[in-house]
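The numbering of the sequence shown is this note's numbering, which starts it at 739 and goes up by one.
We put the CB at the ideal spot given by N, CA and C, even for glycine.
Heads up, the thing below is written out as structure tokens.
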Amino acid sequence: MIKEEFIYKRSPKTISLEADLVIVGGGLTGTCAAITGARTGMKVIVVQDRPVLGGNASSEVRLWVLGATSHMGNNNRWAREGGVINEIMLENIHRNPDGNPLIFDTVLLEKVVEEKNITLLLNTAVFDLDKSAEDTISAVHAFCSQNSTQYKISAPLFCDASGDGIVAFLAGAAFRMGAESQEEFGEKFAPDKAYGELLGHSMYFYSKDVGRPVKFTPPSFALQDITQIPRYKTFNPKDFGCRLWWLEYGGRLDTVHDTETIKWELWKVVYGAWNYIKNSGLFPEAETMTLEWVGTIPGKRESRRFEGDYMLKQQDIVEQKQFEDTVAFGGWSIDLHPADGIYSDQAGCNQWHGKGVFSIPYRSYYSKNINNLFIAGRIISTTHVAFASTRVMATSAHGGQAVAIAASLAKKYGISPREVGTLHLDELQRELIKSGQYIPHLKLSDQEDLVQKAINIQASSTLKLKEIPGADYWVAINHSVGQMLPVSMGKMPSVTVWLDAEEETELTVELRRSSKSYNHTPDITLETKSVSLKKGRQEITLEWNAEFDDACYAFVCFMKNEQVKIQYSETRISGIVTVFNATNPAVSNYGKQEPTEDIGVDTFEFWCPQRRPEGRNIAMNLGTEINLFKPENLRNGLQRPIASPNAWVADYDDRKPTINLAWAEETKISSIEFVFDADYDHPMENVIFLHPETVMPFCVTEVKVYDDKIELVGSIENNHQNRRKITLSEPVSTQNLTIELANSNENTPVSLFEIRCY
739 MIKEEFIYKR SPKTISLEAD LVIVGGGLTG TCAAITGART GMKVIVVQDR PVLGGNASSE
799 VRLWVLGATS HMGNNNRWAR EGGVINEIML ENIHRNPDGN PLIFDTVLLE KVVEEKNITL
859 LLNTAVFDLD KSAEDTISAV HAFCSQNSTQ YKISAPLFCD ASGDGIVAFL AGAAFRMGAE
919 SQEEFGEKFA PDKAYGELLG HSMYFYSKDV GRPVKFTPPS FALQDITQIP RYKTFNPKDF
979 GCRLWWLEYG GRLDTVHDTE TIKWELWKVV YGAWNYIKNS GLFPEAETMT LEWVGTIPGK
1039 RESRRFEGDY MLKQQDIVEQ KQFEDTVAFG GWSIDLHPAD GIYSDQAGCN QWHGKGVFSI
1099 PYRSYYSKNI NNLFIAGRII STTHVAFAST RVMATSAHGG QAVAIAASLA KKYGISPREV
1159 GTLHLDELQR ELIKSGQYIP HLKLSDQEDL VQKAINIQAS STLKLKEIPG ADYWVAINHS
1219 VGQMLPVSMG KMPSVTVWLD AEEETELTVE LRRSSKSYNH TPDITLETKS VSLKKGRQEI
1279 TLEWNAEFDD ACYAFVCFMK NEQVKIQYSE TRISGIVTVF NATNPAVSNY GKQEPTEDIG
1339 VDTFEFWCPQ RRPEGRNIAM NLGTEINLFK PENLRNGLQR PIASPNAWVA DYDDRKPTIN
1399 LAWAEETKIS SIEFVFDADY DHPMENVIFL HPETVMPFCV TEVKVYDDKI ELVGSIENNH
1459 QNRRKITLSE PVSTQNLTIE LANSNENTPV SLFEIRCY
């Protein structure tokens, strides 16, 4: 029994904690930063003011996780973010292909609690901080409403991933809120006052059909006149969750301090919308539907942005500026929304895409005037226009990993975040790539990797691409379709395909490439052919005169002709894909991007892949083989297709191929790391979308490693991740390793991006 007499005032229980790195905010950015940091050996404390992790991706909000892949609606091939966010998304799709948001919560929580170096404080909100100097934070103060406990959390390094930037704000860090003028940075897409300077919040709802009539009586605060919303006719019973992203409001208000006001307005709209769906009489199919879930906190898009040593701007994105200190990348469109949201008579968004992914410099990830503060997530140092692209969750999470690796180096050398970029940039970028991060225009250069010292890498077979075998699958060319083929310097090989014409017709075929070899926008037409077809099935051979002066992807484009069917293949190959000049209105893709005025973006066509089980390769024979899948790719420092496949691929019939690594002398090996192909083209949305596989079809599922005595020293079973490490119980001394691989998908030849040994 506890019994206390009256006292004038009590203080809450207070616990003091210390760490190497304190991360405030447990959204995807903070989560990925925490996991990354913990794996470097740092003691990390995560302070999250919600009961679950994930922020806008959690079951509390239920927004899909997206980034550079943009629903497969842009030209950013193989652009899904790497590292920890990729690991999370692969784990989720393995367990949760139906997109249950509650299961996604458990995936995130499990990833964090499995890291013994992380202390997780849920339901805990930072409200104050201490400084040891004008530009140095020494501790943050937080309160947990669930255990009525106050925390004082001290560390030499802090990361603000809180969304609104509570730590950076309290610390006095320089910030901006709203939109810059066109004149300040020369951004032609900068919005005017009429469009508005801030993006608003959104709130979603889920409905379901229960198979019997259900009535709905709206609460008194529900919007009574749905016609107040200019887009009210867009409502339909089949839409739910973040497909209703345009239920947005608040861009004219203070999106930090007016969040509760904005929430009530969104509740008003959501319940008014459901009342309209249920009771207007316009939707008879809604009679048996019920309202299953409504968000209780809004998904917030924008508030403060904090200034670093560099502010990313529109031109950097469109021109794909290369920064010496690049540590992350983006690829979502520049996506601005009218500030009036649902009460605007304008389109819900204004999206403009780039021709490829863009780089984000390290200087945008720390405060320019608080010397031990990293900034991550949507609050990084960008203009409002650039923020319109960098704000999305997968891009933000990728940046969180960069911050954590930088923090580990700051700890290692006892230096500030800024000094990491000036004194140890090479090491930062190297450790990021080793941790799975893709950094545009950089290769891994790792002197400790023993594979780099191997005198020979041999494979039991190597694919020399001469044929993509046909299947009994013929589809009309209802949309122009292009087969992407990797080519090296020299003449384009001839291409033989099989067609079925309903009647005599002319088919136009174009050979294209991208103006930049590292992009996948086919904006240069090298040759155009008009092929006369007779009625029925026939074989055609296309001879090309074009020659390539660098390695890149060639696009063999069969232009739209609904009278012609083309034969496809069931064989899928790493680094090979078909793309279609179709539309994807969800990301403002209408086949071609054509700004009607000069707003500083490019005009170009969209050629995008299809989701499986569609998206098959075109059946074809090549006049000369494409020999770009060699074992040497396994140590070329690139872990995904870019201008070339960058993968070793086995022959079609070699279902259990082997790789042999040989050294000139006995070499001691303690660990072996693999990078598999987990299909960087697939967006892996965590909600709404259903995914056809729980393991990507290109992914190696079984590995066995033997030493030079043919003794098994390590293995991997039932793999679904793209990065795996075998740590040997005892180091092995050997002159060679034999690695046997298997892939459970019989229509996909076995492939591998990288092997590293230490």
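(message) What I want to know is whether the C-beta of PHE896 ends up closer than 7 Å to one or more non-hydrogen atoms of the ligand COA.
(response) Annotation note on the ligand COA: not contained in the displayed structure, which lists no ligands.
(request) Can you give me the Cβ contacts of GLY764 inside the same chain, cut-off strictly under 6 Å, excluding the 5 residues immediately before and after it? (result) VAL784, GLN786, LEU791
(message) Run through the DSSP bridge pairs and tell me what THR1316 is partnered with.
(response) GLN1221
(message) By the three-class DSSP mapping on this structure, what secondary structure does LEU804 have?
(response) coil
(message) Please return the same chain residues whose Cβ sits closer than 6 Å to the Cβ of SER1482, not counting the five positions on each side in sequence.
(response) THR1439
(message) My output table needs one value for TYR1104: the three-state DSSP class, helix, strand or coil.
(response) strand
(message) Less than 8 Å between the C-beta atoms of TYR1081 and ILE964, yes or no?
(response) no
(message) To the nearest angstrom, how far is the alpha carbon of ALA917 from that of LEU1111?
(response) 24 Å
(request) Just grab the DSSP bridge partners of PRO1099 for me. (result) THR1064
(request) Identify, in the order they occur along the chain, each residue of the same chain with its Cβ nearer than 8 Å to the Cβ of LEU1450, setting aside the five sequence neighbours on each side. (result) LYS1442, VAL1443, TYR1444
(message) Considering only DSSP beta bridges, list what LYS946 is partnered with.
(response) THR1028
(request) Tell me whether VAL851 is buried or exposed, calling it buried when 16 or more other Cβ atoms sit within 10 Å of its Cβ. (result) exposed
(message) When you compare the region 1185-1204 with the region 1289-1303, are there three or more beta-carbon pairs, one atom per stretch, that lie closer than 8 Å?
(response) no
(request) With DSSP collapsed to three states, give me the class of GLN966. (result) helix
(request) Check whether the Cβ atoms of GLU986 and GLY1046 lie closer than 8 Å to each other. (result) no
(message) In whole angstroms, give me the CA-to-CA distance for PHE842 and ASP1340.
(response) 37 Å
(request) Report the option in ILE1454, GLN1221, THR1405, GLU1363 whose CA atom is closest to the CA atom of GLU1186. (result) THR1405
(message) If you follow the alpha helix (DSSP H) that CYS770 is in, where does it begin and where does it stop?
(response) 766-777
(request) State buried or exposed for ASP1210, treating a residue as buried only when at least 16 other CB atoms are found within 10 Å of its CB. (result) exposed
(message) I'd like the span of the alpha helix (DSSP H) that includes ASP1391, first residue to last.
(response) Element bounds for ASP1391: n/a, residue is neither H nor E.
(request) Inspect the beta-carbon positions of LYS1303 and LEU1237 and report whether they are closer than 8 Å. (result) yes
(request) Tell me, to the nearest whole angstrom, how far the beta carbon of GLY1208 is from that of SER1307; I am working on the premise that it is less than 8 Å. (result) 6 Å
(message) DSSP three-state label for TRP1005, please.
(response) helix
(message) Along the chain, where does the beta strand (DSSP E) containing TYR1151 start, and where does it finish?
(response) Looking at the DSSP string, TYR1151 is not in any beta strand (DSSP E); the run it does join, the alpha helix (DSSP H), is 1131-1151.
(request) Classify LYS1001 as buried or exposed, calling it buried when 16 or more other Cβ atoms lie within 10 Å of its own Cβ. (result) buried
(message) Can you give me the C-alpha to C-alpha distance between ILE1055 and LYS1150, rounded to a whole angstrom?
(response) 33 Å
(message) Buried or exposed, going by whether 16 or more other CB atoms sit within 10 Å of the CB of GLU1277?
(response) exposed
(message) To the nearest angstrom, how far is the alpha carbon of LYS1202 from that of GLU1363?
(response) 6 Å
(message) Helix, strand or coil, according to DSSP, for ILE1080 in the structure here?
(response) helix
(request) Mark TYR1328 as exposed unless 16 or more other C-beta atoms lie within 10 angstroms of its C-beta, in which case mark it buried. (result) exposed
(request) Just grab the DSSP bridge partners of ARG1275 for me. (result) ASP1238
(message) Using only CA atoms, which one of PRO1369, ALA1214, GLU819 lies nearest to GLN1190?
(response) PRO1369
(message) What does the alpha-carbon distance come out to for the pair TYR1100 and GLU819?
(response) 17 Å
(request) May I ask you to verify whether the region 929-943 touches the region 1017-1027, counting CB pairs closer than 8 Å and requiring at least 3? (result) no
(request) Please look up how many angstroms separate the CB atoms of ARG1129 and ARG1039, rounded, as I've assumed it's under 8 Å. (result) 6 Å
(request) Counting only the same chain and skipping the five closest in sequence on each side, list residues whose C-beta sits under 7 Å from that of ASN1319. (result) HIS1217, SER1218, GLY1329, GLU1343, PHE1344, TRP1345
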